[in-house]
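Asker: Sequence lines, in order, name chains V and Y. Residue 154 is where the first sequence starts when you use our numbering, and the numbers rise one by one after that. Residue 85 is where the second sequence starts when you use our numbering, and the numbers rise one by one after that.
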Amino acid sequence: GIQVEQSPPDLILQEGANSTLRCNFSDSVNNLQWFHQNPWGQLINLFYIPSGTKQNGRLSATTVATERYSLLYISSSQTTDSGVYFCAPRVEGSNYKLTFGKGTLLTVNP
Amino acid sequence: DAGVIQSPRHEVTEMGQEVTLRCKPISGHNSLFWYRQTMMRGLELLIYFNNNVPIDDSGMPEDRFSAKMPNASFSTLKIQPSEPRDSAVYFCASSLTGSNEKLFFGSGTQLSVL
Chain V
154 GIQVEQSPPD LILQEGANST LRCNFSDSVN NLQWFHQNPW GQLINLFYIP SGTKQNGRLS
214 ATTVATERYS LLYISSSQTT DSGVYFCAPR VEGSNYKLTF GKGTLLTVNP
Chain Y
85 DAGVIQSPRH EVTEMGQEVT LRCKPISGHN SLFWYRQTMM RGLELLIYFN NNVPIDDSGM
145 PEDRFSAKMP NASFSTLKIQ PSEPRDSAVY FCASSLTGSN EKLFFGSGTQ LSVL
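Quick look at the structure:
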């Protein structure tokens, strides 16, 4: 199956700092989503981004499908950004199965 | 929109007991997924329904697990008999098949089997 690698595995920031999270995947994809799991366990969909760039407030994401990676940018981080960020691509040929990476654990300190 | 609704939020049971987890997907969504999250294995897809029909149950660990979707607004995941190794967070998620297939998760059920 498709291999999904997220980096870094852990990241500690001071409030106000910027960060970039990376997701590499091994196969061609037709769908890719980013999720945030907050400290209470809720999984929130951040982006549906099979290709191109999208922005939502302080967050933006870019997927370069031809090079098999996606990036999530967090600017001016806040303590509420803490949690685990998951990348979940879907391999071409599948019409439903997302494969979740192991995630990046982000801690934003005040 | 109420989002995906799961119940119960927490379930503590003893080994051997039957456990039933419930899910109400977002109205209008035609795809429903059950996931399990553990520290060791991360997020795993257990079963996928499309238009109430089970399409892929290859992730169901064993015969002790079963899932049903009797109508478009309700699904259950049953474990019988439960074992301590089933302890995990079980998530239900739904999406609308089509051009923008964002997946939306419920709040999960934290299951502890003693």
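All residues carry an ideal CB built from backbone N, CA and C; glycine is no exception. The structure displayed is predicted, hence computed values, not measured ones.
1) Cα separation between Asp163 (chain V) and Gln164 (chain Y)?
2) Alpha carbon to alpha carbon, what distance is there between Phe253 (chain V) and Gln186 (chain V)?
3) So which of Y:Arg106, Y:Ala172 and Y:Val96 has the shortest CA-CA distance to Pro145 (chain Y)?
4) State buried or exposed for Lys186 (chain Y), treating a residue as buried only when at least 16 other CB atoms are found within 10 Å of its CB.
5) What are the residues of the stretch 166-186 of chain Y that lie near chain V, defined by any Cβ-Cβ distance shorter than 9 Å?
6) Quick one: does Phe158 (chain Y) have its CB under 7 Å from some CB of chain V?
7) Are the beta-carbon atoms belonging to Leu130 (chain Y) and Gln121 (chain Y) less than 7 Å from one another?
8) Does the beta carbon of Leu196 (chain V) come closer than 7 Å to any beta carbon on chain Y?
9) Could you run through the stretch 223-255 of chain V and flag, in chain order, every residue whose CB is less than 9 Å away from some CB of chain Y?
10) Using 8 Å as the cut-off, can you tell me whether the stretch 239-256 of chain V makes contact with the stretch 149-164 of chain Y, which would need three or more C-beta pairs spanning the two stretches below that distance?
11) Listing by chain order, which chain Y residues have their CB less than 7 Å from the CB of Asn184 (chain V)?
12) Could you tell me the alpha carbon to alpha carbon distance between Gln167 (chain V) and Met99 (chain Y), rounded to whole angstroms?
13) Which residue's Cα is closest to the Cα of Asn248 (chain V): V:Asn191, V:Asn183, V:Gln208 and V:Tyr226?
14) Given a cut-off of 7 Å, decide if Gln156 (chain V) and Gly256 (chain V) are closer than it, judged by their beta-carbon atoms.
15) At which residues does the beta strand (DSSP E) containing Met153 (chain Y) begin and terminate?
16) Whose C-alpha, out of Y:Gln90, Y:Phe133, Y:Gln101 and Y:Gly87, is nearest the C-alpha of Thr181 (chain Y)?
17) Just checking: is the beta-carbon of Gly126 (chain Y) within a distance shorter than 7 Å of some beta-carbon in chain V?
Answerer: The relevant details are as follows:
1) As a working mapping, residue 163 (chain V) is identified with position 10 in the first sequence. As a working mapping, residue 164 (chain Y) is identified with position 80 in the second sequence. For Asp163 (chain V) and Gln164 (chain Y), the distance between alpha carbons rounds to 37 Å.
2) Start at 1 with the first residue of the first sequence, and residue 186 (chain V) comes out as number 33. Start at 1 with the first residue of the first sequence, and residue 253 (chain V) comes out as number 100. Between Gln186 (chain V) and Phe253 (chain V), the C-alpha separation is close to 9 Å.
3) By 1-based counting over the second sequence, the position of residue 145 (chain Y) is 61. Among Y:Arg106, Y:Ala172 and Y:Val96, the Cα nearest to that of Pro145 (chain Y) belongs to Y:Ala172.
4) Residue mapping note: residue 186 (chain Y) aligns to position 102 of the second sequence, counting from 1. Exposed, since its Cβ has fewer than 16 Cβ neighbours within 10 Å.
5) Under the 9 Å Cβ criterion, the stretch 166-186 of chain Y contributes Val173, Phe175, Ala177, Ser179, Thr181, Asn184, Glu185 and Lys186.
6) Taking the first residue of the second sequence as 1, we reach residue 158 (chain Y) at position 74. No, no contact with chain V.
7) On the second sequence, position 46 is the one that residue 130 (chain Y) refers to. On the second sequence, position 37 is the one that residue 121 (chain Y) refers to. At least 7 Å separates the beta-carbon of Leu130 (chain Y) from that of Gln121 (chain Y).
8) One-based indexing of the first sequence puts residue 196 (chain V) at position 43. Judged by the 7 Å Cβ criterion, Leu196 (chain V) is in contact with chain Y.
9) Phe239, Ala241, Arg243, Asn248, Tyr249, Lys250, Leu251, Thr252, Phe253, Gly254 and Lys255
10) no
11) Here the question's residue 184 (chain V) lines up with position 31 in the first sequence. Near Asn184 (chain V) (Cβ distances below 7 Å), the residues of chain Y are Glu185.
12) Counted from its first residue, the first sequence places residue 167 (chain V) at position 14. Counted from its first residue, the second sequence places residue 99 (chain Y) at position 15. The alpha-carbon atoms of Gln167 (chain V) and Met99 (chain Y) are separated by roughly 44 Å.
13) In the first sequence, counting from the first residue as 1, residue 248 (chain V) sits at position 95. Of the listed residues, the one whose Cα sits closest to Asn248 (chain V) is V:Asn183.
14) As a first step, residue 256 (chain V) must be located in the first sequence, where it is residue number 103. As a first step, residue 156 (chain V) must be located in the first sequence, where it is residue number 3. The answer is no: Cβ separation not under 7 Å.
15) Here residue 153 (chain Y) is taken as the residue at index 69 of the second sequence, counted from 1. Counting along the chain, the beta strand (DSSP E) containing Met153 (chain Y) begins and ends at Phe149 to Asn155.
16) By one-based count along the second sequence, residue 181 (chain Y) stands at place 97. Ranking the options by Cα distance to Thr181 (chain Y), first place goes to Y:Phe133.
17) As a working note, residue 126 (chain Y) is residue 42 in the second sequence. It does; some Cβ of chain V falls within 7 Å.
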